[in-house]
């Protein structure tokens, strides 16, 4: 799983893409993984979050930011992918650490997502559907400014380590 995310991350660095191609590529790959019957349940749920977050982002941008550029959508999608890659990498690195420390790490990412909204959506049931689900491995807000959340998570991880 980690190799897949590292491959995606490296491939996005090396590509120059047209408007919305980053968004479309990330969404397409997530849809493919989500629909693959050979993928593990965890991987399918992980990719379901990606699809839901990307769809939410696109819909809200059309509603609240109709003048926003495709580049902004790409930037948000790319940062979300980087955020999730960092989350996965960090969780895997600390999988043998004590449970309390692992919870602290997860909380760093949850807080970074929650504390950096993009749209300030008042529909908390929708926005926090993953965040509030104790069974979800992607307990993040759908209403997230992903570049800011990524920076916040990176900064907090330095303090926690």
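Numbering (the working numbering), first residue to last: -12 to 148.
Think of the CB as a built atom: it goes at the ideal place given N, C-alpha and C, for glycine as much as any other residue.
Look at the beta carbons and you see the stretch 102 to 109 touching the stretch 123 to 134: at least three pairs across the two are nearer than 8 angstroms. Less than 8 angstroms separates the beta-carbon of residue 140 from that of residue 95. Spanning the alpha carbons of residue 37 and residue 62 requires a straight line of approximately 15 angstroms. When the Cα atoms are used, residue 48 and residue 74 turn out to be separated by approximately 25 angstroms. In the DSSP annotation of this structure, the continuous segment of the alpha helix (DSSP H) that includes residue 43 starts and ends at 28 to 51. Excluding the 5 residues flanking it on each side, residue 55 has same chain C-beta neighbours closer than 8 angstroms at 48, in chain order. Taking C-alpha positions only, residue 66 is separated from residue 44 by approximately 12 angstroms.
Under the 8 angstroms Cβ criterion, the stretch 112 to 130 counts as touching the stretch 26 to 41, having at least three qualifying pairs.
Counting C-beta atoms within 10 angstroms of its own C-beta, residue 80 has fewer than 16 neighbours from the protein chains shown and is therefore classed as exposed.
Between the alpha carbons of residue 68 and residue 21 lies a gap of roughly 15 angstroms.
Between the alpha carbons of residue 26 and residue 19 lies a gap of roughly 10 angstroms.
With fewer than 16 neighbouring CB atoms inside 10 Å of its own CB, residue 46 falls in the exposed class. In this structure residue 114 is buried. Its beta-carbon is surrounded by 16 or more other beta-carbon atoms within 10 angstroms.
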